[in-house]
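Going down the list, the sequences are from chains A and B.
Counting from 402, one number per residue, gives the positions in the first sequence under the working numbering.
Counting from 402, one number per residue, gives the positions in the second sequence under the working numbering.
Glycine included, C-beta positions come from ideal geometry on N, C-alpha and C.
Owing to the predicted nature of the structure, the values given are computational and were not obtained by experimental measurement.
Note sheet for the following structure.
Number of protein chains: 2
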Amino acid sequence: MFTSRPIGFVSSPYKDASEVPKGLGAKHEADGVLKILPEFELGLTDIEGFSHLIVIWEFDRSPQSRKQGFGKQGSGTHGVELLGTPPSDNRPHGVFATRSPRRPNPIGLTTVELRRREGIELHVRGVDMLDGTPILDIKPYLSSIPSEKLRRGWLAEAEARQKCSPSDRS
Amino acid sequence: MFTSRPIGFVSSPYKDASEVPKGLGAKHEADGVLKILPEFELGLTDIEGFSHLIVIWEFDRSPQSRKQGFGKQGSGTHGVELLGTPPSDNRPHGVFATRSPRRPNPIGLTTVELRRREGIELHVRGVDMLDGTPILDIKPYLSSIPSEKLRRGWLAEAEARQKCSPSDRS
Numbered sequence: 402m403f404t405s406r407p408i409g410f411v412s413s414p415y416k417d418a419s420e421v422p423k424g425l426g427a428k429h430e431a432d433g434v435l436k437i438l439p440e441f442e443l444g445l446t447d448i449e450g451f452s453h454l455i456v457i458w459e460f461d462r463s464p465q466s467r468k469q470g471f472g473k474q475g476s477g478t479h480g481v482e483l484l485g486t487p488p489s490d491n492r493p494h495g496v497f498a499t500r501s502p503r504r505p506n507p508i509g510l511t512t513v514e515l516r517r518r519e520g521i522e523l524h525v526r527g528v529d530m531l532d533g534t535p536i537l538d539i540k541p542y543l544s545s546i547p548s549e550k551l552r553r554g555w556l557a558e559a560e561a562r563q564k565c566s567p568s569d570r571s
Numbered sequence: 402m403f404t405s406r407p408i409g410f411v412s413s414p415y416k417d418a419s420e421v422p423k424g425l426g427a428k429h430e431a432d433g434v435l436k437i438l439p440e441f442e443l444g445l446t447d448i449e450g451f452s453h454l455i456v457i458w459e460f461d462r463s464p465q466s467r468k469q470g471f472g473k474q475g476s477g478t479h480g481v482e483l484l485g486t487p488p489s490d491n492r493p494h495g496v497f498a499t500r501s502p503r504r505p506n507p508i509g510l511t512t513v514e515l516r517r518r519e520g521i522e523l524h525v526r527g528v529d530m531l532d533g534t535p536i537l538d539i540k541p542y543l544s545s546i547p548s549e550k551l552r553r554g555w556l557a558e559a560e561a562r563q564k565c566s567p568s569d570r571s
């Protein structure tokens, strides 16, 4: 397998995971900057034509990464939680059915709106990463699944339960 | 940084990159199976409630990975192409504005439709990975950017050029 290396870092208003909006109905509208390393600037050519980008990043401060020691190889299973209860529900779900940071590979994914580019700085809206998060890759957002074709499993059920009984949240 | 490890492997009809549909209008409707390693089965709990999944995988047979030697650390720059001409255009674009495999981190991303789950096997539609591709992560597809809000830069321009002059393709 390969060892990932940062292509840049996120500048975000969130300094601590507790500050990131979570749970049902959480909105991600924070402005941030994707600061790309100068050696990769050529790779940004024509990116400004896209309204939305997919950012792939590392959960470098997840329980998993912290326990393993950031900067070392993260190939152990310490800190991984295959079944966990997300902030948006009071029932446990499999890690691959959630966005939990306690994943076997600590890879995060966020879709952001590209507002403007200034050289190696991509000014974006919709960050939910912590300040200083290492960026692994950026891809153009090319197409969407129509919402009428989406089923959203436990998340839709949790939303429905909340609507029926707003006080039924732990 | 962390060293990624596979959580499973893709079973795909494509044995070679030349077989994967590419270019403007290419459709990804092939059926495949995401075979998850038994040690991670618990992490699939409740995944069957989602109609679509985001699969994050490794370009293990990209020029970059091959030249570096698959199985070794892929942290060099050999095989990375910061500016390249994609199959869908005859003009070069930055790697972060394309889905090229010659990326600094050889990470691929595909949205698939989940047809059914059989234990550790996720039967999906829409694979564009090669047979045997290592899977790094799976996330539920939760929401879409409405198509009327999307701008798709050089790709939209290439499509428009093709419509105006179908023979103007190299």
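Asked: For arginine 526(B), which option in Ser405(B), Arg562(B), Pro414(B) has the closest C-alpha, if you only look at C-alpha atoms?; Found: Pro414(B)
Asked: If you follow the alpha helix (DSSP H) that arginine 500(A) is in, where does it begin and where does it stop?; Found: From DSSP, arginine 500(A) is part of no alpha helix (DSSP H); its letter is neither H nor E.
Asked: At a Cβ threshold of 8 Å, is glycine 554(A) touching chain B?; Found: yes
Asked: Taking glycine 433(A) as part of the beta strand (DSSP E), name the residues at either end of that continuous run.; Found: 432 to 437
Asked: For the stretch 402 to 429 of chain A, which residues have a CB atom closer than 9 Å to at least one CB atom of chain B, in sequence order?; Found: Met402, Phe403, Thr404, Ser405, Arg406, Pro407, Ile408
Asked: Taking 8 Å as the threshold (beta carbon to beta carbon), is valine 525(B) in contact with chain A?; Found: no
Asked: Going along the chain, which residues of the stretch 540 to 554 of chain A sit with their C-beta nearer than 8 Å to a C-beta in chain B?; Found: Lys540, Pro541, Tyr542, Leu543, Ser544, Ser545, Ile546, Pro547, Ser548, Lys550, Leu551, Arg552, Arg553, Gly554
Asked: Is the stretch 451 to 459 of chain B touching the stretch 522 to 538 of chain B in the sense that three or more CB pairs, one from each, lie closer than 8 Å?; Found: yes
Asked: By the 8 Å beta-carbon criterion, what residues does the stretch 491 to 511 of chain B contribute toward chain A?; Found: Pro493, His494, Gly495, Val496, Phe497, Ala498, Thr499, Arg500, Arg504, Pro505, Asn506, Pro507, Ile508, Leu510
Asked: Any idea if alanine 559(B) is buried or exposed, counting beta-carbon neighbours within 10 angstroms, 16 or more meaning buried?; Found: buried
Asked: Alpha carbon to alpha carbon, how far is glutamate 514(A) from alanine 418(A)?; Found: 21 Å
Asked: What span of residues does the alpha helix (DSSP H) with leucine 556(A) cover, start to end?; Found: 554 to 565
Asked: Taking only beta-carbon atoms, is serine 489(B) less than 8 Å away from chain A?; Found: no
Asked: Beta-carbon within less than 6 Å of lysine 423(A)'s beta-carbon, same chain only, minus the 5 sequence neighbours each way: which residues are those?; Found: Pro488
Asked: Start and end of the beta strand (DSSP E) containing serine 489(A)?; Found: Premise fails: serine 489(A) is in no beta strand (DSSP E) and is neither H nor E.
Asked: Does chain B have any CB closer than 8 Å to the CB of leucine 531(A)?; Found: no
Asked: For the stretch 428 to 446 of chain A, list every residue whose C-beta sits within 7 Å of some C-beta in chain B, in sequence order.; Found: Phe441, Leu443, Gly444, Leu445, Thr446
Asked: From the beta carbon of isoleucine 590(B), is the nearest beta carbon of chain A less than 8 Å away?; Found: This structure leaves residue 590(B) out entirely; chain B is present only between 402 and 571.
Asked: Between which two residues does the beta strand (DSSP E) carrying serine 412(A) extend?; Found: 409 to 412
Asked: Taking C-beta to C-beta, are phenylalanine 573(A) and proline 535(A) nearer than 8 Å?; Found: Outside the shown range of chain A, which is 402 to 571, sits residue 573(A), and nothing can be said about it.
Asked: Going by C-alpha to C-alpha distance, which of Gly533(B), Cys565(B), Ser544(B) sits closest to serine 412(B)?; Found: Gly533(B)
Asked: Specify, as a first and last residue, the run of the beta strand (DSSP E) that leucine 454(B) falls within.; Found: 453 to 459
Asked: Mark glutamate 394(A) as exposed unless 16 or more other C-beta atoms lie within 10 angstroms of its C-beta, in which case mark it buried.; Found: Absent from the structure is residue 394(A), since the part of chain A shown begins at 402 and ends at 571.
Asked: In chain B, which residues lie less than 8 Å from isoleucine 448(A) when you measure between Cβ atoms?; Found: Gly495, Phe497, Ala498, Gly554
Asked: Please list, in chain order, all residues of the same chain as isoleucine 508(B) whose beta carbon is under 8 Å from its beta carbon, the five residues on each side excluded.; Found: Ile457, Trp458, Glu459, Phe460, Leu537
Asked: What is the rounded straight-line gap between the Cα of proline 541(A) and the Cα of isoleucine 521(A)?; Found: 16 Å
Asked: Asparagine 506(A): buried (16+ other C-beta within 10 angstroms of its C-beta) or exposed?; Found: buried
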